[in-house]
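To start, the structure under review is shown below, and the notes come after it.
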Amino acid sequence: MKNILVFGASGQLGQCLRKIATIKGITEIFFLPQSEGNILNTDLLSQVFEQYKPAYVINCAAYTAVDKAEDEVELARRINKTGAANLATQCKACGAVLVQISTDFVFEGNSPNPLVEDDIASPISVYGLTKLEGEQEVGDILPAHFIIRTSWLYSEFANNFVKTMLKLGSERDELKIIADQVGTPTYAIDLAGAVLDIITSGSESYGIYHYSNEGLTSWYDFAKGIFDISCTKVKVYPIRTSEYPTKATRPAYSVMDKAKIKHTFGLQIPYWRDSLIVCINELKSAQ
1 MKNILVFGAS
11 GQLGQCLRKI
21 ATIKGITEIF
31 FLPQSEGNIL
41 NTDLLSQVFE
51 QYKPAYVINC
61 AAYTAVDKAE
71 DEVELARRIN
81 KTGAANLATQ
91 CKACGAVLVQ
101 ISTDFVFEGN
111 SPNPLVEDDI
121 ASPISVYGLT
131 KLEGEQEVGD
141 ILPAHFIIRT
151 SWLYSEFANN
161 FVKTMLKLGS
171 ERDELKIIAD
181 QVGTPTYAID
191 LAGAVLDIIT
201 SGSESYGIYH
211 YSNEGLTSWY
221 DFAKGIFDIS
231 CTKVKVYPIR
241 TSEYPTKATR
251 PAYSVMDKAK
261 IKHTFGLQIP
271 YWRDSLIVCI
281 NELKSAQ
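The numbering of the sequence shown is UniProt numbering, which starts it at 1 and goes up by one.
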């Protein structure tokens, strides 16, 4: 295995990649701290690429504060668009393959069917727009790329919906959760495994792919699943998006079709609730 560089190593997916790389016995993978892996510092990036001479680069670095992005447009654009372009440029110069992590938020969310990779991307938030711009930069600069769109990431690491619900469920008697936004939760450990499987396959089937866990659910049913599996006693009430206004608009339906990634790489993708059980057991064992 040739060297793999991970940017955004301290984030949720970065930590999951570290865990899965250890399990898989992948040793030639390097997780860059922010001081060494600033994707906006082109001089620093040149030094890093010269030092490690990577064959693969995984970009987990992103501006993901969906509502704050509406006010911090230029910062979100620098990180999600310019940062991705910087990595693509460096990869092109040294002959590396870039794995760019993207999002279901590149879609408007009004499709009646699961979204395929060729569906028109029409984001309705600054976050979604800047992530799409990052995809476009990577595609324009570097033919050797895998763009992997994912959704509703959670894990035992960092801040995410599952950990937030468990905390709130232990503190409150009742919660109101949006029930008219439908998508698929994705266990970041599963995504990390898929990314490393794609890399170790040596495949050159470059392009855009969708990856989430199997099935679909609403945020309300996701929360219910979290509380049922964890045996958390809290009343949960469904509400409409209009009853919980946010600065950024979210897709109402962002279920993604995974046929392409499954067929191309022979991946077995777990059902979302099965993976949720695994995650909650991991959280319990860590307590």
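Even glycine gets a Cβ: it sits at the ideal position worked out from N, Cα and C.
What you are looking at is a predicted structure, and each value in this text was computed from that prediction instead of being measured.
Within this structure, are the beta carbons of residue i and residue j separated by less than 9 Å?
| i | j | result |
| --- | --- | --- |
| E135 | A144 | no |
| N59 | G83 | yes |
| Y127 | A76 | yes |
| D180 | S151 | no |
| Q12 | S155 | yes |
| Q90 | L45 | yes |
| G225 | T184 | no |
| R2 | Y56 | In the sequence as displayed, the identity of residue 2 is Lys instead of Arg. Closer than 9 Å, so yes. |
| V234 | R273 | no |
| K260 | E117 | yes |
| T186 | S170 | no |
| K163 | L276 | no |
Could you work out which residue in the options is closest to residue i when comparing CA atoms only?
| i | options | result |
| --- | --- | --- |
| C16 | E137, L153, R240 | L153 |
| A192 | I148, N80, V66, W219 | I148 |
| I23 | L40, D43, D190 | D190 |
| P245 | P114, D67, G225 | D67 |
| L5 | F30, V182, K19 | F30 |
| E107 | L44, H210, I226 | Checking the sequence, you will find Phe at residue 107 rather than Glu. Ranking L44, H210, I226 by Cα distance to F107 puts H210 first. |
| Y220 | D119, N213, K176 | K176 |
| P239 | I178, S212, G207 | First, the amino acid is wrong: residue 239 is Ile here, not Pro. It is I178. |
| A223 | L168, H263, V195 | L168 |
| T241 | V182, F7, A9, R172 | V182 |
| L40 | Y253, F7, P112, R273 | F7 |
| S231 | E74, S212, V278, L166 | One detail in the question is off: residue 231 reads as Cys in this sequence, not Ser. Minimum Cα distance to C231 is reached at L166. |
Please go through the same chain and pick out, in chain order, the residues whose beta-carbon is closer than 7 Å to the beta-carbon of residue i, but skip the five residues on each side of it.
| i | result |
| --- | --- |
| F265 | D197, I198, S201, S203 |
| A286 | E156 |
| Y206 | P143, A144, H145, F146 |
| F105 | P123, S125, Y127, G128, K131, P251 |
| E137 | K81, A84, A85, A88 |
| G14 | V6, G8, F31, C60 |
| N159 | none |
Sort out for me which residues DSSP pairs residue i with in a bridge.
| i | result |
| --- | --- |
| S205 | For S205, which the question treats as bridged, DSSP gives no partner whatsoever. |
| F265 | According to DSSP, which records beta bridges pairwise, F265 is partnered with nothing at all. |
| L98 | V57, H145 |
| F30 | L5 |
| P238 | I177 |
| Y187 | Y154 |
| G218 | A small correction: the amino acid at residue 218 is Ser; Gly does not occupy that position in the sequence shown. V182. |
| Y271 | E214 |
| T103 | T150 |
| L115 | M256 |
Looking only at its own chain, which residues have a Cβ that is under 6 Å from the Cβ of residue i, when we skip the five neighbours before and after it?
| i | result |
| --- | --- |
| S102 | K131, E135, I147, R149 |
| E133 | K81 |
| V97 | Y56, A144 |
My understanding is that residue i touches residue j, with C-beta atoms under 8 Å, so please give their C-beta distance in whole angstroms.
| i | j | result |
| --- | --- | --- |
| residue 311 | P251 | Any answer about residue 311 is impossible in this case: the structure gives the chain only from 1 up to 287. |
| A248 | E70 | 5 Å |
| M256 | L32 | About 29 Å; that fails the 8 Å criterion. |
| V99 | V195 | 6 Å |
Which residues in the same chain have their Cβ closer than 8 Å to the Cβ of residue i, if we skip the five residues on either side of it in sequence?
| i | result |
| --- | --- |
| S111 | D119, Y253 |
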